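Data first, discussion second: the structure below is written as structure tokens.
Have a look at this one:
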């Protein structure tokens, strides 16, 4: 069951004077990635083909992901009346495809798949929290807060199922850490770069991964603050089986924030050169 609905948002509160053009570009890209949740649910249904409880949960998750995309897409068309969200999504679907016809996880186990899903939800919940804190546009702030809350609930969903599977697959901390870090590095693959390209660049412009991922990451990483990385690292540590408190948590959070700042500057330089 959805925790909120698009029609419940106060669309009349949109204030064009408070729109940040850089945030508009991020929202456009995020809208098509979120809208693609149906394909991810199909993949998960194939991986967990004999687990009806999880398959139902995955289908419900996809419904909320699609709503995220539609809400962001509608806002994007308000912020940029020349942009067409449905057309951009069709371009994205043509540009980026998932391998759906599988019967096992690309992570090597079902526990590994659920760890990877936890990492995605950690990233999205923190991203929308950071956007909500950064934007001065009231409608987008409200939308991002709703999505961030959904994504945190999604993290809990995959986390609970992960522990159910860990009872039989018993992945150790180092194995879980390897899978988690591997999924983090995939954030710079074609999914987000292609989303940026198909939602922000002219239709006839050739796709270049380096240019597009730099343009996206230079903007997205700019909005992270130390309080966001504290929550991120706590959730990551919890996922891999390390207690998320004390000096370890504090040290890791500082390191993650420092790394984000370094990476943001690197991507900004690349984007400027491009």
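Numbering (the working numbering), first residue to last: 673 to 946. We treat Cβ as the ideally placed atom computed from N, Cα and C, and that holds for glycine. Here the structure is a predicted model, which is why all the values come from computation and not from measurement.
Residue environment, residue i, which counts as buried when at least 16 other CB atoms sit within 10 Å
i	result
residue 655	The question about residue 655 has no answer, for the chain in this structure spans 673 to 946.
residue 685	exposed
residue 893	buried
residue 828	exposed
residue 917	exposed
residue 877	exposed
residue 923	exposed
residue 785	buried
residue 773	exposed
residue 927	exposed
residue 835	exposed
residue 944	exposed
residue 754	exposed
residue 675	exposed
residue 842	exposed
residue 735	exposed
residue 770	exposed
residue 725	exposed
residue 869	buried
Assigned secondary structure, residue i (DSSP; H/G/I helix, E/B strand, else coil)
i	result
residue 809	coil
residue 872	helix
residue 674	coil
residue 751	helix
residue 897	coil
residue 778	coil
residue 688	helix
residue 681	coil
residue 693	helix
residue 788	helix
residue 945	helix
residue 913	coil
residue 768	coil
residue 922	helix
residue 762	helix
Euclidean distance between Cα positions of residue i and residue j
i	j	result
residue 947	residue 831	Lying before the first or after the last residue shown, residue 947 is absent from the chain, which here runs from 673 to 946.
residue 777	residue 838	15 Å
residue 688	residue 751	6 Å
residue 891	residue 822	23 Å
residue 873	residue 747	18 Å
residue 884	residue 701	11 Å
residue 833	residue 720	11 Å
residue 909	residue 915	6 Å
residue 920	residue 805	26 Å
residue 840	residue 756	47 Å
residue 779	residue 708	20 Å
residue 855	residue 788	6 Å
residue 846	residue 905	16 Å
residue 706	residue 902	25 Å
residue 733	residue 681	20 Å
residue 858	residue 711	18 Å
residue 929	residue 936	11 Å
residue 758	residue 826	25 Å
residue 860	residue 879	15 Å
residue 947	residue 913	With the chain covering 673 to 946 only, the question about residue 947 has no answer from this structure.
residue 848	residue 761	33 Å
Cβ separation of residue i and residue j, assumed to be a contact under 8 Å, to the nearest whole Å
i	j	result
residue 791	residue 852	5 Å
residue 863	residue 800	Not confirmed; about 17 Å, so no contact.
residue 886	residue 939	5 Å
residue 678	residue 743	5 Å
residue 896	residue 934	Not confirmed; about 12 Å, so no contact.
residue 690	residue 809	4 Å
residue 871	residue 738	About 16 Å separates the two Cβ atoms, so there is no contact after all.
residue 807	residue 694	Not a contact, Cβ separation roughly 10 Å.
Closer than 8 Å to chain C by CB, residue i
i	result
residue 730	The chain labelled as chain C is not found in the depicted structure, where only one protein chain is given.
Any chance you could list the alpha helix (DSSP H) runs of at least 4 consecutive residues sitting entirely within the segment 702-749, in chain order? Listed in chain order, the complete alpha helix (DSSP H) runs (minimum 4 residues) inside the segment 702-749 are 709-719.
Just list the alpha helix (DSSP H) runs in the segment 812-896, keeping only unbroken ones of 4 residues or longer that don't cross its boundaries, in chain order. Correct list: 845-857, 862-872, 881-892.
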